[in-house]
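Chain order of the listed sequences is A and B.
Numbering of the first sequence is given in my numbering, commencing with residue 232 and proceeding in unit increments.
Numbering of the second sequence is given in my numbering, commencing with residue 22 and proceeding in unit increments.
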Amino acid sequence: MSVCIRVIPCLDVACGRVVKGVNFVDLVDAGDPVEQAKAYDAAGADELCFLDITASSEERDTIIDVVRRTAEVCFMPLTVGGGVRSAEDARALLLAGADKVAVNSAAVSNPQLIADIAQRFGSQCVVASVDAKRRSDDNDRVANDEALSKWEIYTHGGRRPTGIDALEHAQNMERLGAGELLVTSMDRDGTRIGFDNDLIRTIADNVSIPVIASGGVGHVDDLVKGVTQGHASAVLAASIFHFGEASISDAHEALRAAGLPARSIR
Amino acid sequence: MAENIALIDYGAGNLHSVYNALKAAGASSVEVTADPEYVAKADRIILPGVGAFGACKNALSAIDGMIAAMDKRARDEAIPFLGICVGMQLLADEGVEHGTHQGLGWIGGTVRAFEPSNTIKIPHMGWNQVHIKYDHALLETGEAYFLHGYKFDATDNDEVIAMTDHGGDVTAAIGRDNILGVQFHPEKSQHYGLSLLSRFLDWSP
């Protein structure tokens, strides 16, 4: 057997509280990210991702505390993203117990940040976020320019276009030392109609580092398609797990049923 | 009497994760230490590590007397020793990562990069099967979490205790007598990893 496809639940955290996802009935405090993390650890999640969506920088210390408390009780890899703007931000999260940091907007305006973090702490801990949207208004331009993919990088939660080509950005992130790419379709995020597997595959087939597919999962079959059609090494989802529509073992089982390597024991 | 368990602090990023896992595995007290004198008297030694081989070796060498203390305690006096990830790779003769760097030379071998291929992603990241080659007090067959772009090619195949597969055979554990090195991360391998650490805490090789 080769390395397993990773199933990664993602928790949105704001000011130290889980923003969505309160369906673990047994939890004393379902809004506590540490309690949620413990439940996913016990359920055999392959990794966990915290996305800090705290608006103000004054409250950044809250996520550090959440990470520290999670690392004391969870024994699976933890990726933390959101608001990482400097190598010092990354260092604080890693020291608190994060295994990897995901860098999004800051790596678009300052790609060198990826190289800085990779050189100081190793590529293994650098996840570069690739937030992409399908181009709408310039299909003719794409058709006439072979160097362009069909997607463009967006920042600020999908609100701000950058003009940067998604594939070119992804390859740039790899070249600068990212150990992994978290590719999110901003068109699909929150839609529950499945990953944009065309996007995922275009990137996964053109980089040598692992790609995590993200954005749009509404069913465990969508996770399977992220691998069979999107060629992803890992699949990330939020709501289907949080709202109890599928368990981690349902996801593993669906992957195995499709002939893909997935964990069988916890 | 409580044992002195030395978790060597040379700036490795995963130090606290290993600390937390050792506590969860039942260690009554774990000393996170950069003090060679403590290491020279420790009952068990754990060497963690993430990042680049050369950077880790340099950081370890920068602590005056640390390598000598580890060498005396683990090799001459044979107390239980566990190396994790880059802490395992450092046991090799040399590492070829951003130049060639000398390792500790406890277990013969070279640490080198995975060869790029169209069929595997690098780094080797995620849960993979640990296949035991022969019975070992600490290791069992199961799934563990790996995260590495370089692998340990051992000189003496008898010192390879467990293998995994990523585009071909990859060393998952190496060792001899009281020394064990694991490529995977027991501190991130849920029940599989914690039970290994728990056995290490009771190990009398």
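Heads up, the beta-carbon is just placed ideally off N, CA and C, and yes, glycines get one too.
{"Asked": "Just mark residue 119 (chain B) as buried or exposed, buried being the case when its beta carbon has 16 or more other beta carbons within 10 Å.", "Found": "exposed"}
{"Asked": "Given residue 2 (chain B), which residues of its chain have a CB within under 6 Å of its CB, disregarding the five upstream and five downstream residues?", "Found": "Lying before the first or after the last residue shown, residue 2 (chain B) is absent from chain B, which here runs from 22 to 226."}
{"Asked": "When you compare the region 296-312 of chain A with the region 265-276 of chain A, are there three or more beta-carbon pairs, one atom per stretch, that lie closer than 8 Å?", "Found": "yes"}
{"Asked": "Looking at the unbroken alpha helix (DSSP H) that takes in residue 104 (chain B), where does it start and where does it end?", "Found": "Premise fails: residue 104 (chain B) lies in the beta strand (DSSP E), 102-105, not in any alpha helix (DSSP H)."}
{"Asked": "Determine the direct distance from the alpha carbon of residue 124 (chain B) to that of residue 116 (chain B), and round the result to whole angstroms.", "Found": "6 Å"}
{"Asked": "Ordered along the chain, which non-local residues of its own chain (more than five positions away) have a Cβ less than 7 Å from that of residue 93 (chain B)?", "Found": "61"}
{"Asked": "Evaluate residue 166 (chain B) with the Cβ neighbour count: other Cβ atoms within 10 Å of its Cβ, from every protein chain shown; 16 or more gives buried, anything less gives exposed.", "Found": "buried"}
{"Asked": "With a cut-off of 7 Å, does the C-beta of residue 491 (chain A) fall near any C-beta of chain B?", "Found": "no"}
{"Asked": "So residue 196 (chain B) is in the beta strand (DSSP E); what residue range does that whole segment cover?", "Found": "190-197"}
{"Asked": "How would you write the range of the alpha helix (DSSP H) that residue 91 (chain B) sits in, first residue to last?", "Found": "87-91"}
{"Asked": "In angstroms, rounded to a whole number, what distance separates the CA positions of residue 105 (chain B) and residue 172 (chain B)?", "Found": "13 Å"}
{"Asked": "Taking only beta-carbon atoms, is residue 312 (chain A) less than 7 Å away from chain B?", "Found": "no"}
{"Asked": "Tell me, please, whether the region 306-317 of chain A touches the region 393-404 of chain A by the rule of three or more beta-carbon pairs shorter than 8 Å.", "Found": "no"}
{"Asked": "With DSSP as the reference, label residue 404 (chain A) as helix, strand or coil.", "Found": "helix"}
{"Asked": "Is the Cβ-Cβ distance between residue 159 (chain B) and residue 220 (chain B) less than 7 Å?", "Found": "yes"}
{"Asked": "Look at the Cβ atom of residue 346 (chain A), then the Cβ atom of residue 298 (chain A), and state whether they are nearer than 7 Å.", "Found": "no"}
{"Asked": "Indicate whether the contact test is met: 3 or more Cβ pairs, each with one atom in the region 418-425 of chain A and one in the region 338-357 of chain A, closer than 8 Å.", "Found": "no"}
{"Asked": "For the alpha helix (DSSP H) that residue 266 (chain A) lies in, which residues bound it at each end?", "Found": "264-273"}
{"Asked": "Buried or exposed for residue 490 (chain A), please, with buried defined as at least 16 other CB atoms from any protein chain shown within 10 angstroms of its CB.", "Found": "exposed"}
{"Asked": "Using Cβ-Cβ distances below 9 Å, what residues of the region 437-469 of chain A are close to chain B?", "Found": "438, 439, 440, 441, 442, 464, 465"}
{"Asked": "Leaving out five residues on either side along the sequence, give the residues of the same chain with a beta carbon under 7 Å from the beta carbon of residue 449 (chain A).", "Found": "423, 424, 425, 471"}
{"Asked": "Might you give, ordered along the chain, the residues of its own chain that have their beta carbon closer than 6 Å to the beta carbon of residue 468 (chain A), omitting 5 neighbours on each side?", "Found": "448"}
{"Asked": "Indicate whether residue 413 (chain A) and residue 443 (chain A) have their beta-carbon atoms separated by less than 7 Å.", "Found": "yes"}
{"Asked": "Tell me which residue opens and which closes the alpha helix (DSSP H) that residue 37 (chain B) is part of.", "Found": "36-45"}
{"Asked": "Among the residues of its own chain, which have a CB less than 6 Å from the CB of residue 213 (chain A), if the five just before and after it don't count?", "Found": "Outside the displayed span of chain A (232 to 497) sits residue 213 (chain A), for which this structure offers no information."}
{"Asked": "If the cut-off is 9 Å on Cβ atoms, which residues from the region 51-69 of chain B count as contacting chain A, listed in chain order?", "Found": "none"}
{"Asked": "Could one say the Cβ of residue 143 (chain B) lies closer than 7 Å to chain A's Cβ atoms, at least one of them?", "Found": "yes"}
{"Asked": "Comparing C-alpha positions only, which one of A:249, A:263, A:277, A:240 sits nearest to residue 493 (chain A)?", "Found": "A:277"}
{"Asked": "Between the beta-carbon of residue 318 (chain A) and the beta-carbon of residue 348 (chain A), is there less than 7 Å?", "Found": "yes"}
{"Asked": "Short of 7 Å in beta carbon distance, which residues of its chain neighbour residue 39 (chain B), apart from the five on each side in sequence? Order them along the chain.", "Found": "28, 67, 69, 105, 208"}
{"Asked": "Do you know whose CA, among A:439, A:245, A:460, A:453, lies nearest residue 136 (chain B)'s CA?", "Found": "A:439"}
{"Asked": "Compute the Euclidean distance between the alpha carbons of residue 343 (chain A) and residue 181 (chain B), then round it to the nearest angstrom.", "Found": "39 Å"}
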